[in-house]
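Peer 1: First the structure, which I've put down as structure tokens, then a few questions once you've had a look.
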């Protein structure tokens, strides 16, 4: 059962544009939403995360927007750079299940120079 | 110095053979995880552990066993490897708590012929 969904599967933007990556979930008990990024031939690493008490989390060019009512969140990457080209995974954790993370299938982002 | 290491980095096995993937962490984290990554499926949790001597089933445990003999080491065991277990396997460690960040190893590419 896929509880975290991501769209689009792949995305191409020009350098300087804003990339928008979408994520939705089903389980209302999820209480922590990290985004991980993974560069080709590397392992995933934490990029940014949000808890449902906030509807926005910003870290430099990366911003998470969170809509609890609709069970949706999005990652906005402003002024996209070629070095941002990677696969981005939305994940979720519920306190009911200890420290397990449920990952989405990922969005592959390509930033063209 | 890498805090989560995996061995081997690449492995070719025969169908029906036994495969053991090893993971070592120097983060002193209580929690350790085994994931597999396949195109179109993202990261899927196989087994995890909350400490030495404990193992828990993840979302796709069938065909896999796990062993956590110490705080530092966590192994994934395929008793009878099948071609469907061809994948990239990632080990991760985490301290737990409200934010549950996980730190990933470099991955093991397993091919079962």
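Protein chains in written order, with the numbering used here: chain A, 930 to 1042; chain B, 30 to 142. Glycine included, each C-beta is placed from N, C-alpha and C at the ideal position.
For residue 182(B) and residue 107(B), which I take to be in contact (beta-carbon distance under 8 Å), what is that distance rounded to the nearest angstrom?
Peer 2: Only positions 30 to 142 of chain B appear in the structure, and residue 182(B) is not among them; the question remains open.
Peer 1: Should residue 70(B) be flagged as near chain A, meaning a C-beta pair shorter than 8 Å?
Peer 2: Yes, because at least one Cβ of chain A sits closer than 8 Å to the Cβ of residue 70(B).
Peer 1: With residue 123(B) and residue 131(B) assumed to form a contact (beta carbons below 8 Å), what rounded beta-carbon distance in angstroms separates them?
Peer 2: The Cβ separation is near 4 Å, so the contact holds.
Peer 1: Is residue 967(A) helix, strand or coil by DSSP?
Peer 2: The answer is strand: DSSP assigns residue 967(A) an E or B state.
Peer 1: For the stretch 95-106 of chain B against the stretch 34-42 of chain B, do three or more pairs of beta-carbon atoms, one drawn from each stretch, fall closer than 8 Å, so that the two count as touching?
Peer 2: Touching, no, given that fewer than three Cβ pairs across the two stretches are closer than 8 Å.
Peer 1: Within its chain, find whatever has a CB closer than 7 Å to the CB of residue 990(A); leave out the 5 residues flanking it on each side and keep chain order.
Peer 2: Closer than 7 Å at Cβ, skipping near neighbours: 1006, 1007 and 1008.
Peer 1: What does residue 987(A) pair with, by DSSP beta-bridge criteria?
Peer 2: Paired residues: 992(A).
Peer 1: Does the separation of the CB atoms of residue 954(A) and residue 933(A) fall below 8 Å?
Peer 2: Going by C-beta atoms, residue 954(A) is nearer than 8 Å to residue 933(A).
Peer 1: Measuring only between beta-carbons, confirm whether residue 989(A) sits less than 8 Å from chain B.
Peer 2: False, the Cβ-Cβ gap to chain B never drops below 8 Å.
Peer 1: Just the C-alpha distance for residue 135(B) and residue 118(B), rounded to the nearest angstrom, thanks.
Peer 2: If I take the Cα positions, the gap works out to 9 Å.
Peer 1: For residue 992(A), which of 998(A), 999(A) and 984(A) has the nearest alpha-carbon?
Peer 2: Answer by Cα proximity: 984(A).
Peer 1: Rounded to a whole number of angstroms, what is the C-alpha to C-alpha distance between residue 1001(A) and residue 46(B)?
Peer 2: Whole-angstrom Cα-Cα distance: 44 Å.
Peer 1: Output needed for residue 941(A): all residues of its chain with C-beta closer than 7 Å, excluding positions within five of it in sequence on either side, in chain order.
Peer 2: Answer for residue 941(A): 1039 and 1041, listed in chain order.
Peer 1: What's the call for residue 970(A), buried or exposed, on a 16-neighbour Cβ count within 10 Å?
Peer 2: Exposed: under 16 other Cβ atoms inside 10 Å.
Peer 1: Where residue 50(B) and residue 75(B) are concerned, what is the direct C-alpha to C-alpha distance, given to the nearest angstrom?
Peer 2: Their Cα atoms are separated by approximately 13 Å.
Peer 1: Which residues in chain B sit within 7 Å of residue 1028(A), going by Cβ to Cβ distance?
Peer 2: The answer, in chain order, is 60, 123, 125 and 129.
Peer 1: Is residue 1035(A) buried or exposed, if buried means 16 or more other CB atoms sit within 10 Å of its CB?
Peer 2: Its Cβ being crowded by 16 or more others within 10 Å, residue 1035(A) is buried.
Peer 1: In chain order, what residues of the same chain lie with their CB nearer than 6 Å to the CB of residue 939(A), ignoring the 5 residues before and after it?
Peer 2: Excluding positions up to five away in sequence, the list reads 1037.
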